[in-house]
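Chains as they are written, first to last, in this note's numbering: chain G, 1 to 130; chain Y, 1 to 291.
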């Protein structure tokens with residue numbers, strides 16, 4: 001029995017990535033990382049800023065996402081996100097740019113706890129990869 | 001009859017107008033291809049988003065505690081309309097069609113004695129609406145500076161709408177835009193986004209049992225604002241494709257009309273030139289005869 005399923009990542013502009021030989025995807029869900037294998041139960045969850053790791057036959061890929069929603073159904077994983085970057089071909093400048101704007105946002109006074117939590121998360125992740 | 005010189009001038013001016021419209025048509029055609037592409041590429045996102053929301057809202061058990069963005073405020077007093085038009089003119093009936101559709105809706109709302117608030121996106125819409133509904137326009141947004149339609153612009157509009165909703169400034173929100181069908185046909189659309197109207201097509205989604213993490217309503221309340229931006233983004237994409245398509249066919253028409261006009265003027269020019277020559281000849285001949 002094959003252990004593969006398909007994953008599709010879409011952002012508002014286009015279908016970012018589509019693969020059907022994925023063995024495992026690790027996503028930064030809101031309440032912690034989830035690793036999804038084949039025949040996982042149908043699930044809907046949303047993401048916090050973090051790294052998506054995709055393991056497939058052709059190797060491992062990682063992406064940075066800002067936010068997003070995932071839906072897993074019938075061995076189809078859809079990831080919707082507004083901002084996604086492939087870590088392999090993203091330069092540091094872009095990342096530090098995002099980081100800077102996140103820092104600025106954090107310094108604004110009128111943010112609520114949840115936003116603050118998300119921004120903290122974002123900065124942490126960005127620090128990690130930078 | 002106009003003199004030969006006048007006709008000559010008119011012909012050359014029509015010709016240069018024709019050059020302009022031809023160039024505009026070509027530019028629009030190039031832009032249309034790009035806009036159409038991005039509209040098609042953007043569809044999976046909004047479709048998937050819709051699907052997920054449909055699945056979620058089907059799963060929700062108690063409607064009463066459902067997020068307000070889904071179920072509405074329970075009232076129907078203040079209507080907010082987001083009218084999306086272009087920033088540039090010379091695109092045929094594109095803007096007028098949206099405005100016409102919107103005005104019908106405005107009239108209906110006002111006739112029912114409800115309050116009306118308008119947000120215009122794109123300068124042309126504002127120009128056309130400010131005379132009649134100037135007092136109702138609460139916000140005008142324009143993305144003249146951004147070259148392409150991008151999600152962050154849509155997100156800005158979405159955030160404004162949501163902010164106003166949270167301040168309870170309106171109960172129902174409708175967006176107006178042109179749906180791109182093909183180059184000749186664009187259909188003006190009105191789409192209600194708050195409260196969300198789920199089209200009841202549950203054949204393939206009703207049986208699914210999802211696991212939710214975190215809870216359903218928490219996901220939903222996070223997802224719905226995003227959905228609004230997504231819907232607006234979709235509308236913006238459709239709109240930009242429609243705008244270019246509309247401009248293209250308008251400019252095509254203009255070019256053809258100019259060509260016809262040049263033909264007609266040329267015939268008139270030749271005729272009057274010939275008439276002048278004949279007249280001169282007759283004068284000479286009759287002068288010679290009288291000698």
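Virtual Cβ for every residue (Gly too), placed ideally from N, Cα, C. All values reported here derive from a predicted model rather than from experimental measurement.
Whether residue i touches residue j by CB criterion (9 Å)
| i | j | result |
| --- | --- | --- |
| residue 180/Y | residue 191/Y | no |
| residue 38/Y | residue 178/Y | no |
| residue 228/Y | residue 158/Y | yes |
| residue 153/Y | residue 114/Y | no |
| residue 44/G | residue 8/G | no |
| residue 49/G | residue 118/G | yes |
| residue 18/Y | residue 266/Y | no |
| residue 122/Y | residue 143/Y | yes |
| residue 226/Y | residue 84/Y | no |
| residue 15/Y | residue 250/Y | no |
| residue 87/G | residue 56/G | no |
| residue 83/G | residue 67/G | yes |
| residue 164/Y | residue 136/Y | no |
| residue 120/Y | residue 88/Y | no |
| residue 277/Y | residue 188/Y | no |
| residue 31/G | residue 214/Y | yes |
| residue 26/G | residue 53/G | yes |
Test: residue i CB closer than 9 Å to a CB of chain G
| i | result |
| --- | --- |
| residue 214/Y | yes |
| residue 184/Y | no |
| residue 72/Y | no |
| residue 263/Y | no |
| residue 46/Y | yes |
| residue 223/Y | yes |
| residue 250/Y | no |
| residue 98/Y | no |
| residue 202/Y | Since pLDDT at residue 202/Y reaches only 48, below the 50 mark, its modelled position is unreliable, and no value is offered. |
| residue 226/Y | yes |
| residue 206/Y | For residue 206/Y, the predicted model reports a pLDDT of 49, less than 50, meaning its position is unreliable; a value from the coordinates is still stated below. Judged by the 9 Å Cβ criterion, residue 206/Y is not in contact with chain G. |
| residue 155/Y | yes |
Residue-level contact to chain Y via CB, residue i, 9 Å cutoff
| i | result |
| --- | --- |
| residue 2/G | no |
| residue 43/G | yes |
| residue 46/G | yes |
| residue 54/G | no |
| residue 34/G | yes |
| residue 15/G | yes |
| residue 60/G | no |
| residue 99/G | no |
| residue 8/G | yes |
| residue 116/G | no |
Simplified DSSP assignment, three categories, for residue i
| i | result |
| --- | --- |
| residue 125/Y | helix |
| residue 47/Y | helix |
| residue 211/Y | strand |
| residue 106/G | helix |
| residue 197/Y | coil |
| residue 165/Y | helix |
| residue 67/Y | coil |
| residue 172/Y | strand |
| residue 257/Y | helix |
| residue 183/Y | coil |
| residue 203/Y | With a pLDDT of only 48 at residue 203/Y, under 50, the local geometry of the prediction cannot be trusted, and the value read off the model is given with reservation. It is coil, neither helix nor strand. |
| residue 30/G | coil |
| residue 48/G | coil |
| residue 127/G | helix |
| residue 266/Y | helix |
| residue 225/Y | helix |
| residue 53/G | strand |
Residues that residue i contacts on chain G, provided the C-beta gap is smaller than 9 Å
| i | result |
| --- | --- |
| residue 101/Y | None at all; the shortest Cβ gap to chain G is about 25 Å. |
| residue 219/Y | 30, 44, 45, 46, 69 |
| residue 38/Y | 13, 14 |
Under 9 Å from the C-beta of residue i: neighbouring residues of chain Y
| i | result |
| --- | --- |
| residue 71/G | 48, 51, 52, 55, 210 |
Under 8 Å by beta carbon: chain Y residues contacting residue i
| i | result |
| --- | --- |
| residue 30/G | 213, 214 |
Listed by chain order, chain Y residues near residue i by CB distance under 7 Å
| i | result |
| --- | --- |
| residue 12/G | 42, 45, 151, 230, 233 |
| residue 78/G | 48 |
| residue 82/G | 151 |
Contact list for residue i against chain G, beta-carbon separation under 8 Å
| i | result |
| --- | --- |
| residue 160/Y | Simply none; closest approach about 16 Å. |
Curious, which full-length beta strand (DSSP E) runs of at least 3 residues does the segment 71-153 of chain Y contain?
-> 78-84, 115-121, 137-141
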